[in-house]
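Residue numbers (my numbering), protein chains in the order written: chain H, 1495 to 1721; chain S, 1495 to 1721.
Don't be surprised by glycine CBs; every beta carbon is placed ideally from N, CA and C.
Bear in mind that the values here come from a model prediction, so they are computed numbers and not experimental data.
This report refers to the structure that appears directly beneath it.
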DNA sequence: GCAGAACTTTACACACTCTTTACGTTCGCT
DNA sequence: AGCGAACGTAAAGAGTGTGTAAAGTTCTGC
């Protein structure tokens, strides 16, 4: 659920890591050198930055140093060797954590979560808490959905799909988008998962409402109708 | 901006794409078969390779497989509708992205930029959310079209044709262009599909408007008239 | 390690969409 | 005016996307 920036010059490793993190519901942007990584880090507001030390031209330390002049975005350093020099130097420059290669994916994930958790409390209060359209009320914080004041029992994926559609109320959301945002993967041909989740959602909503609030746009995607 | 290699056997299609990408400040090299494409890919250091799957002799999959033995150059596969997608997903040959026809040029550009990580200064979605000319209002996000405030029910293809014509309002759009952008294929001789879609569009618009907003330019194409 | 929940895949019916065919009309050219 | 090429469109059937039940697989909590 976090916006991550992965700065790593090894494209294959980067893609692998990226895939894994996306499968864990994180959104990952990739940079393959220090310069563009720094630019992206400054341009967007990432939740956590994963920063490799060994980078061509601008190395990880330099990126961190320059970033810290203006930004406080949490940074996890990825070090090729686990020696103390890397660690201390990095932490002094303002890294929030470090992890040395080879590391396993779960460990990295745990560290990302550890960092984001402490920020999350503050964030959740700020984001819109309740979206309501067409007699369907979705409460982000409580993860509940009420239709005409009756509470639905949704699975996590169903909730995420509904949230995505309702956040884009009136706009068509493609299955490709839903798949990427909710399931964290590209929509494969003949993949009917999204259809099923939408079908189940409709069924549950229909128990308490006559309005056909999730409309199909054949060949394009789905829309949640306002009003 | 980027050094691109386009491996595509349809010479006319290749030239069209090439022209477009060059107009967007990319440098494009062309290969018209798998063998020479592979050789060029290995010889030069391209930023991104655009690789068609359907190629004579050495097909796209084979090119990618051989390229990946030595190179990590990012590859975007261009897939046609009838292509065997399973191989992309199953064999994990190492494509970085794929785009399935029909794709429009802007979408391809966005994917190239996504891979090269260069920030798009103008977000395409924001360029025009709503186009309105001649009492016809087309809403991109909602995929709706209103004529004199009455909503039309259009098919996906009809919407795409109208969108293309209205985006180029006042300019002639050739059937060849429409076919490529909307249907994702070359315009075959005696192919009357585009005519039919335009015919149906006119019929639907005429329900709510007297203006003959889609004009035929005999021998050239169609124009959407401003005002 | 098991049971139940959640998610995905499969399968088939159905409705909508697209393309092709066929024929009539219009247009531009000589 | 006459001709041929390009265009307009009705109709049919070929093709494609979607809805959903049911079966299969993976995940999760105890």
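Which chain S residues are close to residue 1711 (chain H), counting only those with a beta carbon under 7 Å from its beta carbon? Result: 1637.
Would you say residue 1643 (chain H) lies against chain S (beta-carbon separation less than 8 Å)? In terms of beta-carbon proximity, residue 1643 (chain H) stays away from the interface with chain S, with every pair separated by 8 Å or more.
Roughly how many angstroms separate the alpha carbons of residue 1698 (chain S) and residue 1646 (chain S), rounded to a whole number? In a straight line, the C-alpha of residue 1698 (chain S) is about 7 Å away from that of residue 1646 (chain S).
Can you tell me the Cα-Cα spacing of residue 1521 (chain S) and residue 1657 (chain S), whole angstroms? So the two alpha carbons sit approximately 29 Å from each other.
Give me the residue from S:1498, S:1605, S:1499 and S:1659 with the minimum Cα distance to residue 1626 (chain S). Per the Cα distances, S:1659.
For the segment 1694-1721 of chain H, which segments carrying the beta strand (DSSP E) assignment without a break, of at least 3 residues, lie completely within its bounds, in sequence order? Counting only runs of 3 or more, we get 1708-1711 and 1715-1718.
Between residue 1566 (chain S) and chain H, is there a C-beta pair that is closer than 8 Å? So, interface residue.
Is there a C-beta anywhere in chain S that falls below 8 Å from the one on residue 1664 (chain H)? Yes, because at least one Cβ of chain S sits closer than 8 Å to the Cβ of residue 1664 (chain H).
With distances taken Cα to Cα, identify the nearest neighbour of residue 1692 (chain H) among H:1649, H:1517 and H:1702. The shortest C-alpha separation from residue 1692 (chain H) is found at H:1649.
Best match in H:1688, H:1629, H:1702 and H:1643 for proximity to residue 1663 (chain H) [C-alpha to C-alpha]: Residue H:1629 is the option with its Cα nearest to residue 1663 (chain H).
Residues of the segment 1497-1513 of chain H with a CB closer than 9 Å to any CB of chain S: list them in chain order, please. Within the segment 1497-1513 of chain H, the qualifying residues are 1504, 1505, 1506 and 1509.
The segment 1496-1513 of chain H touching the segment 1524-1532 of chain H, judged by at least three CB pairs closer than 8 Å: A contact between stretches requires three or more CB pairs, one per stretch, nearer than 8 Å, and the segment 1496-1513 of chain H meets this requirement with the segment 1524-1532 of chain H.
Would you mind sorting residue 1675 (chain S) into buried or exposed? The rule is 16 or more other CB atoms within 10 Å of its CB. Result: buried.
Within chain H, partners of residue 1528 (chain S) - CB distance below 8 Å: Those within 8 Å of residue 1528 (chain S) in chain H number zero; the least Cβ separation is about 23 Å.
Rounded straight-line distance, which links the Cα of residue 1558 (chain S) to that of residue 1564 (chain S): Taking C-alpha positions only, residue 1564 (chain S) is separated from residue 1558 (chain S) by approximately 10 Å.
Contact check, residue 1702 (chain S) vs residue 1710 (chain S), beta carbons under 8 Å: It is not a contact, given that the beta carbons lie outside the stated cut-off.
Beta-carbon gap between residue 1567 (chain S) and residue 1597 (chain S) smaller than 8 Å: No, these two residues do not count as a Cβ contact at 8 Å.
Cross-chain neighbours of residue 1650 (chain S) in chain H, by beta carbon under 9 Å: Under the 9 Å cutoff, chain H gives 1711, 1712, 1713 and 1714.
Drop a sphere of 10 angstroms on the beta-carbon of residue 1495 (chain H), count the other beta-carbons inside from all chains shown, and report buried for 16 or more, exposed for fewer. Residue 1495 (chain H) comes out exposed.
Taking Cβ-Cβ distances shorter than 7 Å, what residues in chain S pair up with residue 1569 (chain H)? Correct list: empty, because the minimum Cβ distance to chain S is about 18 Å.
If you compare alpha carbons, which of H:1562, H:1532, H:1672 and H:1512 is closest to residue 1551 (chain H)? The shortest Cα separation from residue 1551 (chain H) among H:1562, H:1532, H:1672 and H:1512 belongs to H:1532.
Along chain S, in chain order, which residues have C-beta atoms closer than 8 Å to that of residue 1557 (chain H)? None at all; the shortest Cβ gap to chain S is about 14 Å.
What residues in its chain sit with their C-beta under 6 Å from that of residue 1633 (chain S), if we drop five residues either side in the sequence? So the list reads 1624, once near-sequence residues are dropped.
Hey, would you say residue 1640 (chain S) sits closer than 8 Å to residue 1654 (chain S), going by beta carbons? Result no, Cβ atoms of residue 1640 (chain S) and residue 1654 (chain S) do not sit closer than 8 Å.
Compare the C-beta of residue 1655 (chain H) with all C-beta atoms of chain S and state if any pair is closer than 8 Å. It does not: the Cβ of residue 1655 (chain H) has no partner Cβ on chain S nearer than 8 Å.
Using the Cβ count rule (16 or more neighbours within 10 Å means buried), how would you classify residue 1555 (chain S)? Under this definition residue 1555 (chain S) is a buried residue.
Taking its Cβ as the centre, do 16 or more other Cβ atoms sit within 10 Å of residue 1442 (chain S), making it buried, or is it exposed? Nothing can be reported for residue 1442 (chain S), as the shown portion of chain S is limited to 1495 through 1721.
Return no unless some Cβ of chain S is closer than 8 Å to the Cβ of residue 1692 (chain H). With 8 Å as the cut-off, residue 1692 (chain H) does not count as an interface residue toward chain S.
Based on DSSP bridge pairs, tell me the residues matched to residue 1546 (chain S). Residue 1546 (chain S) is bridged to S:1572.
Could you give the uninterrupted runs of the beta strand (DSSP E) lying entirely in the segment 1497-1568 of chain S, keeping only those of 3 residues or more? Those beta strand (DSSP E) runs which fall completely within the segment 1497-1568 of chain S and span 3+ residues are 1497-1501, 1521-1525 and 1542-1546.
Backbone secondary structure at residue 1676 (chain H) - three-state DSSP: Correct three-state label for residue 1676 (chain H): helix.
Alpha carbon to alpha carbon, how far is residue 1573 (chain H) from residue 1573 (chain S)? C-alpha of residue 1573 (chain H) to C-alpha of residue 1573 (chain S): approximately 38 Å in a straight line.
Going by the beta-carbon positions, is the gap between residue 1677 (chain S) and residue 1670 (chain S) smaller than 8 Å? Taking the C-beta atoms as reference points, residue 1670 (chain S) is found no nearer than 8 Å to residue 1677 (chain S).
Tell me which residue opens and which closes the alpha helix (DSSP H) that residue 1651 (chain H) is part of. Segment 1650-1661, the alpha helix (DSSP H) holding residue 1651 (chain H).
Give me, in chain order, the residues of the same chain whose beta-carbon lies closer than 6 Å to that of residue 1606 (chain S); leave out the 5 immediate sequence neighbours on both sides. Sequence-distant Cβ neighbours of residue 1606 (chain S) in its own chain, meaning closer than 6 Å and more than five residues away, are 1542.
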